[in-house]
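In this note's numbering, the protein residues as written are 790 to 1135.
Below: one structure, written as structure tokens.
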């Protein structure tokens, strides 16, 4: 690859373009690339009040006043006009958490609290009892505890002060029972669908078990029949196959972050012979010698036939191409059909 760079007429500080190569084929364990259908986390959400703030709570939020009024009623305190309650030491918050698969009553999980009023900070506050519900509207956990907003240095919070966490702040109240151990059939779902990977995995599972127990239904789904030797022991069955190593295949893909100029690509993704003129840049892949145009100062990059995306990125990086120009160049390559990969722009 030959690169010729002439000075820019204007001075500017260009963003560094980072290129990261990702192997197109690599070995991975079954447990790292697939999951059992139905065995998943669930999102919980609830509403709560954070108290004990040092004048940084809600100033005049009606929802906060009403919540404090209901709280006082539950505690046996008579409040005639809850709308008149104003305390900047309290803040209304939304509470969220993730309920793990196979969760059991009594387990503890972390929760996140986020202000919904005009509170300026939740630092030093305590979340009062907040029931957490799933999509079926049933209560699965109850949260309470001191709120942490993260590290503070030189008087400046490194995190958002209106969002905090309560570590192990929610207690699970209801078991999540999937009857997993008694299942006679299971379904695996690949995180990244691919026909080749699914077919390979089915063959490897059959080889490990010594029979026909796995069937690849499509690029993302593998159906499993639990062998009689594992009847009533689905946990042991999954333990026996989850460490199987498979060569994971994937489509050629280039991911480009337009803001930072970072490019992540599969290994050895090719570019068809093409010539690109973009501003004062000229890039030619294959064919004759590239030129920047008669009488025009600019930058010239000549890439030999058979060059890869990695070679192109290196050339563009050496020429000081900005992220927005990089995006335009790759979009043009894709439109022309010269980029032999899927393009995703973040």
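For glycine and all other residues, C-beta sits at the position ideal for the given N, C-alpha and C.
Since we're looking at a predicted model, the values are computed, not measured.
Residue i, buried or exposed, once every other Cβ within 10 Å from all chains shown has been counted against 16
i: residue 1128; result: buried
i: residue 1124; result: exposed
i: residue 1118; result: buried
i: residue 979; result: buried
i: residue 1137; result: One cannot answer for residue 1137 here, as it falls past the ends of the chain, which runs 790 to 1135.
i: residue 1026; result: buried
i: residue 1028; result: exposed
i: residue 832; result: exposed
i: residue 957; result: exposed
i: residue 936; result: buried
i: residue 1115; result: buried
i: residue 882; result: buried
i: residue 1126; result: exposed
i: residue 823; result: buried
i: residue 1106; result: buried
i: residue 1060; result: buried
i: residue 981; result: exposed
i: residue 849; result: exposed
i: residue 1100; result: buried
i: residue 951; result: buried
i: residue 928; result: exposed
Pair within 7 Å by beta-carbon distance, residue i and residue j
i: residue 900; j: residue 884; result: yes
i: residue 1134; j: residue 1013; result: no
i: residue 1063; j: residue 1054; result: no
i: residue 961; j: residue 896; result: yes
i: residue 1008; j: residue 969; result: no
i: residue 1035; j: residue 977; result: no
i: residue 1110; j: residue 1052; result: no
i: residue 852; j: residue 916; result: no
i: residue 890; j: residue 973; result: no
i: residue 1005; j: residue 1130; result: no
i: residue 886; j: residue 816; result: no
i: residue 877; j: residue 906; result: no
i: residue 1097; j: residue 1065; result: no
i: residue 997; j: residue 938; result: no
i: residue 908; j: residue 858; result: no
i: residue 892; j: residue 965; result: yes
i: residue 1031; j: residue 888; result: no
i: residue 967; j: residue 1021; result: no
Distance between beta carbons of residue j and residue i, contact taken as under 8 Å
i: residue 975; j: residue 825; result: 6 Å
i: residue 880; j: residue 904; result: 5 Å
i: residue 860; j: residue 911; result: Not quite, the Cβ-Cβ distance comes to about 18 Å (not below 8 Å), so this is no contact.
i: residue 1112; j: residue 1049; result: 7 Å
Residues bridged to residue i [DSSP beta-bridge criterion]
i: residue 903; result: 883, 952
i: residue 815; result: 1037
i: residue 832; result: 887
i: residue 840; result: 879, 915
i: residue 824; result: 978
i: residue 1132; result: 1043
i: residue 1097; result: 1059
i: residue 898; result: 959
* **Unbroken stretches of the beta strand (DSSP E), 3 residues or longer, contained in the stretch 914 to 941** => Every beta strand (DSSP E) stretch that sits fully inside the stretch 914 to 941 and reaches 3 residues is listed by chain position as 915 to 922, 928 to 935.
* Asked: In chain order, which beta strand (DSSP E) runs of at least 3 residues are fully inside the stretch 983 to 1019?
  -> Correct list: 1003 to 1005, 1010 to 1014.
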